Amino acid sequence: MNINPLSSATNLISNAQQKADNAAQTIARLPVQSQEVGGSEPIQAADLFKPVLSLKEAELETSAAAKIIQAHDKMLGSLLDVKV
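Numbering-wise, the sequence shown is residues 14 to 97 according to the working numbering.
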């Protein structure tokens with residue numbers, strides 16, 4: 014089985030971007046709180062928990078993908094004896 018680190022990292026970043034986009038849209042669709050101008054109903058903490066958690070997951074996935082790319086570049090540089 015052939016594993017391409019750059020392809021895996023790119024897929025991970027793409028998935029993280031989609032996850033962040035979905036979470037941001039979910040947060041944007043929440044009703045405005047009653048104490049704010051134009052507000053109609055209160056927001057429950059549980060309504061925000063899952064999308065905020067998804068945003069954090071997307072952040073960590075993007076960070077992991079960046080580290081995969083850095084490790085790949087470092088490994089490739091050592092194989093070619095290139096100083097980085």
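Where is the CB? At the ideal position from N, CA and C, for every residue including glycine. Being a predicted model, the structure only gives us computed values, none of them experimental.
Beta-carbon separation (whole angstroms), residue i vs residue j, contact threshold 8 angstroms
| i | j | result |
| --- | --- | --- |
| Ala78 | Ile16 | Going by Cβ atoms, the distance from Ala78 to Ile16 rounds to 14 angstroms, so no, they are not a contact pair. |
Counted within 10 angstroms of its Cβ, other Cβ atoms place residue i as buried (16 or more) or exposed
| i | result |
| --- | --- |
| Ala84 | exposed |
| Ala59 | exposed |
6 angstroms CB neighbourhood of residue i in its chain, flanking five on each side removed
| i | result |
| --- | --- |
| Ala36 | Pro64, Ser67, Leu68 |
| Ile81 | Pro18, Ala22 |
| Ile40 | Pro64 |
N- and C-terminal bounds of the alpha helix (DSSP H) containing residue i
| i | result |
| --- | --- |
| Gln38 | 18-42 |
Proximity test, Cβ basis, 7 angstroms: residue i and chain D
| i | result |
| --- | --- |
| Leu61 | Protein chains in the displayed structure number just one, and chain D is not present. |
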